[in-house]
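Comments concern the structure below.
In my numbering, the protein residues as written are 3 to 281.
Now the structure itself:
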């Protein structure tokens with residue numbers, strides 16, 4: 003099975019063309035094997051490129067633990083750049099089908115190379131029952147919960163996948179793995195949640211550390227960056243247009259008129275290879 007390793011700000015993926023057919027066998031097990039960093043290629047997810055009847059292509063993602071991801075902003079930027087630079091789509095504007103619906107993508111191109119990828123991430127979901135988030139009120143904002151003997155105030159937002167956004171004084175002092183895993187599995191989130199720890203620098207700049215459901219600590223998260231800006235606006239902490247600084251780099255997020263979310267950032271192809279499939 004031929005693959006291409008790509009990343010969006012260090013959030014890395016193994017991209018596989020499956021225009022004709024998906025590989026035979028258990029794809030969840032394949033994702034777990036190939037995403038292992040010591041025994042496999044290493045990655046946060048396995049992404050298949052498939053034909054679509056309603057868009058330019060369809061993206062299907064498995065997390066590193068083998069679970070299916072409804073949506074991933076960084077993976078979406080990677081595959082959009084991939085299909086352009088590999089000649090499958092020669093337009094700067096394309097549509098990508100995901101489990102979270104069709105996403106509109108714009109490529110900023112210079113000298114036949116993609117420099118930045120802008121994605122229309124759609125409307126955030128704020129109704130607790132749809133996130134889903136089990137709250138006592140109809141608001142997902144500033145909900146107190148307790149894990150590991152500590153009280154945390156979270157704001158729930160779904161941007162394709164559920165997110166729990168936590169504002170903290172200093173993200174570098176948070177045990178992201180320990181606290182993130184506990185918040186992800188809290189009963190208030192029946193399907194689990196990605197957890198985003200946020201330090202507000204000013205109204206247009208934040209620092210974020212991410213714990214991703216089904217993956218763990220990652221260097222960047224596109225849907226998380228979007229959720230952070232929505233939560234920042236709802237909590238009166240940020241503007242609608244914010245630079246979100248992640249360990250892997252910066253994403254520009256714009257929640258236009260508190261309606262549609264736009265994410266802009268880079269993607270990069272790292273190497274290609276071949277993975278042996280056991281038959």
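Ideal Cβ placement from N, Cα and C applies to all residues, glycine included.
Treat the numbers as computed from the prediction; the structure is a model and nothing was measured.
Inset, instruction - Taking the CB atoms as reference points, tell me whether residue 157 and residue 149 lie closer together than 9 Å. - result: Contact: no.
Legend entry - For residue 274 and residue 5, believed in contact at Cβ under 8 Å, the rounded distance: 7 Å
Inset, instruction - Spatial neighbours of residue 143 within its chain, please: CB distance less than 6 Å, with the 5 preceding and 5 following residues excluded, ordered by chain position. - result: 157, 236
Legend entry - Buried versus exposed call for residue 152 [16 or more other C-beta atoms within 10 Å across all chains shown]: exposed
Inset, instruction - Just tell me which of 113, 233, 13, 133 has its CA closest to the CA of residue 79. - result: 13
Legend entry - Close Cβ partners of residue 155 (< 6 Å) along its chain, the five nearest in sequence each way excluded: 144, 146
Inset, instruction - Please report the residue range of the alpha helix (DSSP H) in which residue 282 lies. - result: Limits of the chain in this structure are 3 at one end and 281 at the other, which puts residue 282 out of reach.
Inset, instruction - Just list the alpha helix (DSSP H) runs in the stretch 60-90, keeping only unbroken ones of 4 residues or longer that don't cross its boundaries, in chain order. - result: Within the stretch 60-90, the complete alpha helix (DSSP H) runs of at least 4 residues are 75-87.
Inset, instruction - Determine which residues share a DSSP beta bridge with residue 112 and list them. - result: 115
Legend entry - Cβ neighbours of residue 125 in the same chain (closer than 7 Å, five flanking residues each side left out): 261, 262
Legend entry - Element boundaries [alpha helix (DSSP H), containing residue 10]: Residue 10 -> not in any alpha helix (DSSP H); beta strand (DSSP E) instead, spanning 4-10.
Legend entry - Status (buried if at least 16 other CB within 10 Å, exposed otherwise) for residue 45: buried
Legend entry - When 251, 65, 86 are compared against residue 112, the one with the closest alpha-carbon: 86
Legend entry - Selected residue, minimal CA-CA separation from residue 159, among 206, 131, 210, 19: 131
Inset, instruction - Note down, in chain order, each residue of its chain lying with its Cβ closer than 7 Å to the Cβ of residue 239, except the 5 sequence neighbours on either side. - result: 169, 202
Legend entry - Terminal residues of the alpha helix (DSSP H) in which residue 167 lies: Bounds of any alpha helix (DSSP H) do not take in residue 167; it lies within the beta strand (DSSP E) bounded by 164-169.
Legend entry - For residue 101, the first and last residue of its enclosing alpha helix (DSSP H): That residue, residue 101, is in no alpha helix (DSSP H); it is neither H nor E in DSSP.
Inset, instruction - Leaving out five residues on either side along the sequence, give the residues of the same chain with a beta carbon under 8 Å from the beta carbon of residue 103. - result: 124
Legend entry - Spatial neighbours of residue 58 in its chain, beta-carbon cut-off 6 Å, leaving aside the 5 residues before and after: 91, 96, 97
Legend entry - Between the CA atoms of residue 93 and residue 190 - distance to the nearest angstrom: 43 Å
Legend entry - 9 Å Cβ cutoff, residue 123 in contact with chain C: The structure shown contains no chain C; it holds only a single protein chain.
Legend entry - Inter-residue spacing [alpha-carbon to alpha-carbon] between residue 81 and residue 61: Per the coordinates, the alpha-carbon of residue 81 lies some 8 Å from the alpha-carbon of residue 61.
Inset, instruction - Please look up how many angstroms separate the CB atoms of residue 64 and residue 75, rounded, as I've assumed it's under 8 Å. - result: Not quite, the Cβ-Cβ distance comes to about 16 Å (not below 8 Å), so this is no contact.
Inset, instruction - Starting from residue 146, follow its DSSP beta bridges and name the residues at the other end. - result: 155
Legend entry - Unbroken stretches of the beta strand (DSSP E), 3 residues or longer, contained in the stretch 188-219: 196-204, 207-214
Inset, instruction - Confirm, please, whether the CB-CB distance from residue 257 to residue 247 is below 9 Å. - result: Contact: no.
Inset, instruction - Determine the contact status of residue 224 and residue 185, defining contact as a CB-CB distance below 9 Å. - result: no
Legend entry - Selection from 56, 53, 49 that minimises the alpha carbon distance to residue 66: 49
Legend entry - Option nearest residue 128 by Cα separation, candidates 137, 268, 106: 137
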